[in-house]
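Protein chains: 2
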Amino acid sequence: MEVEIKAKIENRENVENKLRELGAIFVGEETEEDIYFQHPSRNFALTDEALRIRNGKVLTYKGPKVDKDTKSREEIEVNIENGNKMREILKKLGFVPVAKVRKIRRIYKIGEVTVSIDHLDLLGDFVEIECIGEYSSSRHKVFQLATLLELREFIRKSYLELLIEKIGRIKDQGL
Amino acid sequence: MEVEIKAKIENRENVENKLRELGAIFVGEETEEDIYFQHPSRNFALTDEALRIRNGKVLTYKGPKVDKDTKSREEIEVNIENGNKMREILKKLGFVPVAKVRKIRRIYKIGEVTVSIDHLDLLGDFVEIECIGEYSSSRHKVFQLATLLELREFIRKSYLELLIEKIGRIKDQGL
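Chains V and E, in that order, are what the protein sequence lines are. All residue numbers for the first sequence refer to our numbering, where the first residue is 1196 and numbers rise by one. All residue numbers for the second sequence refer to our numbering, where the first residue is 1196 and numbers rise by one.
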């Protein structure tokens, strides 16, 4: 189980400074490009599931969120050798690529908790706090860190949902 | 495009002797275990498609056969790191594992043509002659070799279809 909360931030430098003060270790910066797919016979927006290919290398299924205040959900990932071929197979099976979500992610580790400072075009900056493991102890850890970072309002919507909200159904992304 | 024909054989030693006489090179013997999946909203038996995981390592989509006398069809394959996780993702997406097909395959190469001598429990021995490339020249090559091997009757059904024909809908395979 992946327990995860997300918050919008206005000043990413402030948040990163606080993280370092708390002893967080900077792991690295990466660009993540996700292609999201719609199911041939199920409305993922209603079932709260998602299927994506990240950076042409990982296929990920995300199950429905399991509680009312976090983004916690089951995640199954499998590494794939060729993202284009995976995409071709998914298309043949009736899955439709619906959106591309691109973000620059700066990753910090503090104990068992992973913190991502994300920048997305059109949407701005966000922090995601994540802990993988037993639900209630992971939940405790992520909210504890959120308090230390003075985060109060949490967003349960995915970047995909926020992006669709912002610019409507995504077209012309060359998918 | 994969151009492929298949025939039942009664005496595999005879066929293998003939292959060697024709200059075929023995490549090796392998065991292939395929898990086939049914689509959540499409009847693959009607659309003549297939989706399978081979040996926990390769995900393959097979499109409908493109002619009336061979098994030629589009094939898209992607290597995957973890067959169990791929299976879990497919199940979450509504794909149902319907059958396991296990065969011992002895592979020969003769020019651009690949010949497989397959043994399947319940079904017996078969030869598959395959050539990947431009359709009409590949077609010519596979039928030419079939003539040299004195094969006359060709089977367009997949092992999956033959197995289902033989023992009915497959249950209790622990899928």
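We treat Cβ as the ideally placed atom computed from N, Cα and C, and that holds for glycine. Please read all numbers here as calculations on a predicted model, not as lab measurements.
In chain C, which residues lie with their C-beta within 7 Å of the C-beta of residue 1314 of chain E? Chain labels in this structure do not include chain C; the protein chains are V and E.
Expressed to the nearest angstrom, what Euclidean distance is found between the alpha-carbon atoms of residue 1325 of chain E and residue 1250 of chain E? 20 Å
Note down, in chain order, every chain E residue with its Cβ under 7 Å from the Cβ of residue 1273 of chain V. 1275, 1276, 1277, 1280, 1281 and 1284
Chain-ordered residues of the segment 1216 to 1243 of chain V with a beta carbon less than 9 Å from chain E: 1234, 1235, 1236 and 1237
To which residues of the same chain is residue 1225 of chain E closer than 6 Å at the C-beta, ignoring the five residues directly before and after it? 1300
Could you compute how far the alpha carbon of residue 1346 of chain E sits from the alpha carbon of residue 1291 of chain V? 43 Å
Let me know if residue 1220 of chain V comes out buried or exposed under the rule of 16 or more other beta-carbons within 10 Å of its beta-carbon. exposed
Would residue 1263 of chain V pass as an interface residue toward chain E - the criterion being a Cβ-Cβ separation below 7 Å? no
Would you call the segment 1336 to 1355 of chain V and the segment 1278 to 1296 of chain E in contact, with 3 or more CB pairs under 8 Å? no
Indicate whether the contact test is met: 3 or more Cβ pairs, each with one atom in the segment 1316 to 1332 of chain E and one in the segment 1196 to 1205 of chain E, closer than 8 Å. yes
Kindly list, in the order they appear in chain V, the residues whose Cβ is closer than 7 Å to that of residue 1357 of chain E. By Cβ distance, chain V contributes nothing, its closest Cβ being about 24 Å from residue 1357 of chain E, past 7 Å.
Output the residue ranges of the beta strand (DSSP E) runs that lie fully inside the segment 1214 to 1251 of chain E and measure 3 residues or longer, sorted by chain position. 1220 to 1233 and 1245 to 1249
State yes or no: is the beta carbon of residue 1256 of chain V nearer than 7 Å to at least one beta carbon in chain E? yes
Can we say the segment 1253 to 1263 of chain V touches the segment 1274 to 1282 of chain V, given the rule of at least three CB pairs closer than 8 Å? yes
Interface residues of chain V facing residue 1289 of chain E [CB-CB closer than 8 Å]: 1234, 1236 and 1237
Could you pull the start and end residues of the alpha helix (DSSP H) that residue 1342 of chain V belongs to? 1330 to 1343
Consult DSSP for residue 1279 of chain E and reduce its assignment to one of helix, strand or coil. helix
Sub-7 Å separation of residue 1213 of chain E and residue 1350 of chain E beta-carbons: no
CA-to-CA distance, residue 1344 of chain E to residue 1265 of chain E, given in whole angstroms: 17 Å
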